[in-house]
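Residue numbers (this note's numbering): 1 to 376.
Note that beta-carbon positions come from the ideal geometry of N, C-alpha and C, so glycine has one too.
Predicted model, so just to flag it, every value in this text is computed and none were measured.
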Ligand SMILES: Cc1cc2nc3c(=O)[nH]c(=O)nc-3n(C[C@H](O)[C@H](O)[C@H](O)COP(=O)(O)OP(=O)(O)OC[C@H]3O[C@@H](n4cnc5c(N)ncnc54)[C@H](O)[C@@H]3O)c2cc1C
């Protein structure tokens, strides 16, 4: 078991995120298991992708609205957390839809939020038609990393409300349970060890927005001190996390919607009026960043993110957050997937460009070349 003394970390052990650290016991010393380094190099790059996270400073919008005779339910604005939260917000959207007696529903959007909303509606007996201008593999959801990050780029803490917090916690709990049930069932979801790399002693408290998470959704961590891990930083904090491989996951969700007799129609909508002309009495708006123009939500703004993919390496079975502090020049992270080793670490608010930023590519790739060349 890991320990932290008043002077810093003396050894390693399990730490409950929310509670205090266990006392130090003799004979608890151990080292991180053998980890294969990433073969990081410029010649290993296979592509760089860009996605615009749909960010609303006051958090996702999950709310019904009357539109003439129809019920319009908004479910968009999940920022950097949509892959994590969508089953939960989809569940709540389906509850709102069930208030109406009719069972025909239109879902606008075929990213992760639209697909999971469609499935939650189908589970309640709705006939679903998804309308979307783009479908996988051409959605923002396909460009995500993606891990269980339910509070990432999600909300400005000063703009939260009690009602929103309640919706968030409920959505996070529903998603947390649902995603776990897909592990090992061909959805591209798996548990993976993640190592946060840092030179300063880890704090015993959850930082930032992670405090939003209910305690039962927090997994404990193991802290490894100097000499106990292979990374060129003083500390490595290991915490298991769920990995979601977007191309596998989204294709499975599309299959599931179709197997439950859902229709997918390629169509672009320009305005609320074009939505009102749909035959379905209930409409669930899962247009992501597209909702800005579609329903005039001026709060929505992009958080541009890009990933550089290296050749896949099956033997790399852990992820990293951060790098050696001397060279990182900003936050970076690595997640191995079947379609490549994904390197990321960008979030640029208000940038609508879908072009990769070469400076960001250089920063992120160089930080990882340095990190993995110095691994034991
Ligand atoms: C680099 C990067 C890393 C990320 N990492 C993570 C992560 O680790 N964990 C996590 O949880 N999340 C992560 N995210 C965030 C996640 O990808 C988003 O929150 C999520 O994809 C949003 O899903 P969505 O369905 O709302 O949007 P989208 O995937 O953009 O889908 C929107 C849908 O609406 C359709 N649409 C839009 N406008 C219209 C219109 N006018 N008419 C018709 N159809 C329309 C689109 O065609 C599309 O089908 C990451 C994102 C990026 C870019």
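Limits of the alpha helix (DSSP H) - the one that residue i falls within
i, result
"residue 95", "82-97"
"residue 259", "246-259"
"residue 222", "That residue, residue 222, is in no alpha helix (DSSP H); its beta strand (DSSP E) goes 221-224."
"residue 366", "358-373"
"residue 123", "112-123"
"residue 177", "162-181"
"residue 292", "291-295"
Cβ-heavy atom distance, residue i to ligand 1, below 8 Å
i, result
"residue 54", "yes"
"residue 156", "no"
"residue 267", "yes"
"residue 120", "no"
"residue 141", "yes"
"residue 277", "no"
"residue 270", "yes"
"residue 73", "no"
"residue 113", "yes"
"residue 322", "no"
"residue 307", "yes"
"residue 192", "no"
"residue 83", "yes"
"residue 42", "no"
"residue 134", "yes"
"residue 46", "no"
"residue 356", "no"
"residue 249", "no"
"residue 346", "yes"
"residue 86", "yes"
"residue 187", "no"
Supposed close pair residue i, residue j - CB separation, criterion 8 Å
i, j, result
"residue 244", "residue 147", "7 Å"
"residue 272", "residue 131", "14 Å between Cβ atoms; not a contact."
"residue 164", "residue 288", "Not a contact, Cβ separation roughly 18 Å."
"residue 263", "residue 233", "Contact doesn't hold; Cβ gap of about 51 Å is too wide."
"residue 213", "residue 171", "That belief does not hold up - the Cβ atoms of residue 213 and residue 171 are roughly 11 Å apart, past 8 Å."
"residue 377", "residue 343", "Past the boundaries of the shown model lies residue 377; the chain is included only from 1 to 376, so the question cannot be answered."
"residue 304", "residue 50", "7 Å"
"residue 313", "residue 39", "6 Å"
"residue 81", "residue 194", "Not quite, the Cβ-Cβ distance comes to about 16 Å (not below 8 Å), so this is no contact."
"residue 98", "residue 124", "6 Å"
Segment limits, beta strand (DSSP E) that includes residue i
i, result
"residue 321", "318-321"
"residue 104", "104-108"
"residue 53", "45-55"
"residue 274", "No beta strand (DSSP E) contains residue 274, which is instead part of the alpha helix (DSSP H) from 272-276."
"residue 343", "340-344"
"residue 284", "282-285"
"residue 211", "Taken as a continuous stretch (DSSP letters only), residue 211 belongs to no beta strand (DSSP E), as it is neither H nor E."
Worksheet item: Pairing CB atoms from the segment 174-183 with CB atoms from the segment 78-88, are three or more of them under 8 Å?
Response: yes
Worksheet item: Between the segment 61-77 and the segment 40-49, do three or more beta carbon pairs fall short of 8 Å?
Response: The segment 61-77 vs the segment 40-49: no contact.
Discussion item. Check whether the segment 252-260 and the segment 214-222 are in contact - that is, three or more C-beta pairs closer than 8 Å.
Written reply: no
Worksheet item: Are the segment 301-317 and the segment 353-367 touching by the rule of at least three beta carbon pairs closer than 8 Å?
Response: yes
Practice prompt. Report yes or no: do the segment 284-294 and the segment 93-108 share at least 3 C-beta pairs separated by less than 8 Å?
Written response: Flag = yes, the segment 284-294 and the segment 93-108 touch.
Worksheet item: Can at least three beta-carbon pairs, one atom from the segment 118-126 and one from the segment 289-306, be found at a separation below 8 Å?
Response: As far as the Cβ criterion goes, the segment 118-126 does not touch the segment 289-306, which means the pair count is below three.
Discussion item. Three Cβ pairs or more, each shorter than 8 Å: is that satisfied between the segment 273-280 and the segment 226-240?
Written reply: no
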